[in-house]
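Mapped onto the numbering used here, the consecutive letters of the sequence shown carry residue numbers 680 to 993. We put the CB at the ideal spot given by N, CA and C, even for glycine. As the structure is a prediction and not an experimental result, all values here were calculated from the model. Here the structure comes first, spelled out in structure tokens, and everything after it is commentary.
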Amino acid sequence: MNAIAAPNLASAMVNRLLAIRPLWTIAKRRARKMMIDRAETIGVPWRETVIEMRSRGSDEGPAGELADEWQAELAAIANPHIRYPDYYQTSFHAYDEGNLGWLPAMEVEVAAKAVHARLWPEAGAQGDAMLRQSYHNALQPQLPVAPEKIVDLGCGVGMSTETLQERYPSAHLTGVDLSPYFLAVAQYRAQPRAQITWHHAPAEATGLPTADYDLVSACLMFHELPQSAAKAILREARRLLRPGGHMAIMDMNPQSEVYATMPPFVLALLKSTEPYLDEYFALDIAQAFQEAGFKAPTVIYNSARHRTILAEAR
Ligand SMILES: C[S@@+](CC[C@H](N)C(=O)[O-])C[C@H]1O[C@@H](n2cnc3c(N)ncnc32)[C@H](O)[C@@H]1O
Numbered sequence: 680m681n682a683i684a685a686p687n688l689a690s691a692m693v694n695r696l697l698a699i700r701p702l703w704t705i706a707k708r709r710a711r712k713m714m715i716d717r718a719e720t721i722g723v724p725w726r727e728t729v730i731e732m733r734s735r736g737s738d739e740g741p742a743g744e745l746a747d748e749w750q751a752e753l754a755a756i757a758n759p760h761i762r763y764p765d766y767y768q769t770s771f772h773a774y775d776e777g778n779l780g781w782l783p784a785m786e787v788e789v790a791a792k793a794v795h796a797r798l799w800p801e802a803g804a805q806g807d808a809m810l811r812q813s814y815h816n817a818l819q820p821q822l823p824v825a826p827e828k829i830v831d832l833g834c835g836v837g838m839s840t841e842t843l844q845e846r847y848p849s850a851h852l853t854g855v856d857l858s859p860y861f862l863a864v865a866q867y868r869a870q871p872r873a874q875i876t877w878h879h880a881p882a883e884a885t886g887l888p889t890a891d892y893d894l895v896s897a898c899l900m901f902h903e904l905p906q907s908a909a910k911a912i913l914r915e916a917r918r919l920l921r922p923g924g925h926m927a928i929m930d931m932n933p934q935s936e937v938y939a940t941m942p943p944f945v946l947a948l949l950k951s952t953e954p955y956l957d958e959y960f961a962l963d964i965a966q967a968f969q970e971a972g973f974k975a976p977t978v979i980y981n982s983a984r985h986r987t988i989l990a991e992a993r
């Protein structure tokens, strides 16, 4: 599969405009407002959900005050020896703190519902769940047997881990993420589900055992990565997999007509929230898979905007 063509004129113009800081700030704010409005229009109570999560449903103290348990759980889950890569310590999704804060962690789920609401006509708030199902509908028939040990790289607050667990209920799952805030929320959301281990580490160097896993999955993570990190993560996935194991990525499809025909203004909003989108769109992912020690990957288009890529470890 070929990488997408060089950015077109409109895209190059948008990049130049976004390099002007005040314009970037306006685009970023605008993108956030659009998301919150879209969520609330489809019945996802964005603000209420965040207030509820901050206080963990407690009526004590001012509304939305951060419950004490959060800081304790953050300290317990965070690996104090981690050195965050520079590319990760930047603004993502209109949050200045990127993924390293409570607000982004507590808004992930509502934001995902808003972003994926229009993927299928009439899907509304179910669009995100449908996207995740479409990933597994694409992936599962390609796997020779049900995986028993799975790593979910860039697991976020566990929405992708949860769907893996529903699909493979007897598997043991490890969710890896660089944001301890996201992992603390993942642990909170998943409390009744015992089969998941949450692991604070870079996906490039997880520290997990070699050749121990049947499936490594990365759902909606690769578009957040510069190319050097994407390649390093594929090498790490290969190390984690036993021979014959599979690596699967579900993410935006750079070849989608939706991006090719997107109005420059909307593209500007998208880019203001996704700093590595150009690098992701230009990556030859099939080649990167093969250089990392995988067989030629299979690509399945699982929504109008998303693709599933999977490959077997050589
Ligand atoms: C868009 S979120 C997707 C989360 C989740 N997989 C889902 O489907 O909802 C991308 C996640 O990748 C994580 N991430 C980005 N770069 C990473 C890296 N190098 N190592 C580990 N996690 C990373 C971010 O912290 C974030 O939680």
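When DSSP labels each residue in this structure, what does residue i get in the three-state scheme?
i, result
"ARG993", "coil"
"TYR847", "coil"
"ILE683", "Interpretation of ILE683 is limited by its pLDDT of 39, a score under 50 that renders its predicted location unreliable; no figure is taken from the coordinates."
"PRO943", "helix"
"ILE715", "helix"
"PRO922", "strand"
"THR720", "helix"
"HIS902", "helix"
"ILE761", "coil"
"ARG797", "coil"
"TYR766", "helix"
"ASP738", "coil"
"ARG700", "helix"
"ALA927", "strand"
"ARG726", "helix"
"ARG914", "helix"
"ARG986", "strand"
"ALA802", "coil"
May I ask you to check if the CB of residue i is nearer than 7 Å to at least one heavy atom of ligand 2?
i, result
"PRO905", "Questions concerning ligand 2 fall outside what the structure shown contains, since the ligands it does hold are ligand 1."
Under 7 Å from any heavy atom of ligand 1, does the C-beta of residue i make it?
i, result
"PHE861", "yes"
"GLU845", "no"
"MET713", "no"
"PRO954", "no"
"TYR959", "no"
"GLY886", "no"
"TYR867", "no"
"ALA791", "yes"
"TYR767", "yes"
"ASP856", "yes"
"GLU883", "yes"
"LEU782", "no"
"LEU832", "yes"
"GLY835", "yes"
"MET809", "no"
"ALA817", "no"
"THR913", "A small fix is needed here, since residue 913 is Leu in this sequence, not Thr. It does not: the Cβ of LEU913 is nowhere closer than 7 Å to a heavy atom of ligand 1."
"LEU899", "yes"
Out of the options, point me to the one whose CA is closest to residue i's CA.
i, options, result
"SER935", "VAL978, LEU904 and LYS910", "VAL978"
"VAL824", "GLY740, HIS925 and ALA804", "HIS925"
"GLN819", "MET713, GLY972 and LEU894", "LEU894"
"TYR867", "ARG708, MET732, TRP703 and ALA880", "MET732"
"ASP930", "LEU887, LYS828, HIS795 and THR885", "HIS795"
"ALA908", "PRO881, ALA890, THR889 and ASP891", "PRO881"
"MET714", "ARG695, PRO759, THR987 and TYR774", "TYR774"
"LEU956", "GLU801, TYR938, ALA967 and PHE973", "TYR938"
"ASP891", "PHE968, ASP738, ALA967 and LEU919", "LEU919"
"GLY972", "ARG762, LYS910, ARG986 and PRO943", "LYS910"
"PRO741", "GLU748, TRP749, ILE730 and ILE756", "ILE730"
To which residues of the same chain is residue i closer than 8 Å at the C-beta, ignoring the five residues directly before and after it?
i, result
"PHE771", "GLY777, ASN778, PRO783, GLU903, THR952, GLU953 and PRO954"
"VAL787", "GLY835, VAL836, MET838, PHE861 and VAL864"
"ARG846", "HIS815 and GLN819"
So, for residue i: in the same chain, excluding its five sequence neighbours on each side, which residues have a beta-carbon less than 6 Å away from its beta-carbon?
i, result
"LEU745", "ARG733"
"THR853", "VAL830, THR876 and HIS878"
"GLN906", "GLU958 and LEU962"
By Cβ distance below 7 Å, which residues in the same chain neighbour residue i in space, the five residues on each side in sequence not counted?
i, result
"LEU989", "LEU818, GLN821, HIS925, MET926, ALA927, PRO976 and THR977"
"THR728", "VAL789"
"ALA791", "ASP807 and MET838"
Any chance you could list the alpha helix (DSSP H) runs of at least 4 consecutive residues sitting entirely within the segment 812-900, in chain order? 838-846 and 859-868
Those runs of the alpha helix (DSSP H) which lie wholly inside the segment 953-988 and span at least 4 residues: Correct list: 956-961 and 964-970.
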